[in-house]
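Residue numbers (my numbering): 37 to 287. Glycine included, each C-beta is placed from N, C-alpha and C at the ideal position.
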Ligand SMILES: [Zn+2]
């Protein structure tokens, strides 16, 4: 680096540090901003988590009626051999089948965001084949679609607290991420004190974190094109016309 360049960098840094702090741009907030960006510490944190500075993430409970309705409609259309539904399921299956193997969930440090998003889908798929006893488990592809579509349909129905595209993307990614579990392995070892006695050992691998904005962006760009064309006016109306929706309206 040249001397001139170094001096210029130093000057730039100084002006950045001495810049008068502006007020946070979130609604009704007058706290000074962080040195970078236009949000205060608190609103920056909210935005990182939910995708919008002024809205917290939607709870699983609020999403539940949309999820049940989407699940019902998808299963009915699949059984009727509806072409666009079968195509969507096949494409999601293909995406999951094409994923290469990734290390265990606690061994993903340093992976670039795009691969992190793939690893997330890989682990959901892998777990889906292990937990056969879980009720309503009809494969990872269907479950991922149900959870993503529930959020998309909430958005189309104006039920999300923010209309920011980054909020929608983050909420879809979080809904899919919610399918992931920690990995628990149980294996038996023989007791040292009483030979012949088998002891059960339980090893838990903690669930990977969703981490940064970029993982959300990649995850969304992997799955959204698969269901984009399924989200027709007719299919959205079909989901919104289910009994779970009316119960929600009455509340
Ligand atoms: Zn603020």
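Residue state for residue 160 is assigned as helix, using DSSP reduced to three classes. Note that the C-beta distance between residue 205 and residue 87 is below 8 Å. For residue 79, the shortest separation between its Cβ and any heavy atom of ligand 1 lies below 7 Å. Residue environment for residue 121: buried (at least 16 other C-beta atoms within 10 angstroms of its C-beta). Judged by the Cβ position, residue 75 qualifies as a neighbour of ligand 1 at the 7 Å threshold, a heavy atom of the ligand being closer than this. Within the same chain, Cβ atoms closer than 8 Å to the Cβ of residue 188 are found at 204, 208, 263, 267, the five residues on either side in sequence being excluded. Every alpha helix (DSSP H) of 4 residues or more that sits fully in the segment 118 to 160 is shown, in chain order, as 119 to 133.
The C-beta distance from residue 212 to residue 255 rounds to 7 Å, short enough to meet the 8 Å contact threshold. Burial state of residue 76 is buried, judged by a 10 Å Cβ sphere holding 16 or more other Cβ atoms.
Among the bridge pairs identified by DSSP, residue 234 is matched with 226. Taking a cut-off of 8 Å for Cβ pairs, the segment 150 to 161 and the segment 242 to 253 touch, as three or more such pairs fall below it. The segment 117 to 134 makes no contact with the segment 217 to 225; the number of CB pairs closer than 8 Å stays below 3. Counting only residues of its own chain and dropping the five nearest sequence neighbours on each side, residue 138 has a CB closer than 6 Å to the CB of 155, 158. Residue pairing by DSSP places residue 220 opposite 240 in a beta bridge. Nearest Cα to residue 239 within the set 230, 38, 184, 223: 223. Burial is judged here by how many other beta carbons sit within 10 angstroms of a residue's own beta carbon; residue 51 has fewer than 16 and is exposed.
When secondary structure is reduced to three states using DSSP, residue 78 falls in the helix class. Shown here, residue 59 sits in a strand according to DSSP, grouped into three states. In the DSSP assignment, residue 68 is bridged to 59. The C-alpha of residue 278 lies about 25 Å from the C-alpha of residue 261. The C-alpha of residue 144 lies about 28 Å from the C-alpha of residue 185.
The C-beta distance from residue 125 to residue 182 rounds to 11 Å, too long to meet the 8 Å contact threshold. Looking at 282, 281, 271, the one whose alpha-carbon comes closest to that of residue 112 is 271. Around the beta carbon of residue 233, fewer than 16 other beta carbons sit within 10 angstroms, so the residue counts as exposed.
Scanning the segment 262 to 286 for uninterrupted alpha helix (DSSP H) segments of 4 residues or longer gives 269 to 276, 279 to 286, listed from N- to C-terminal end.
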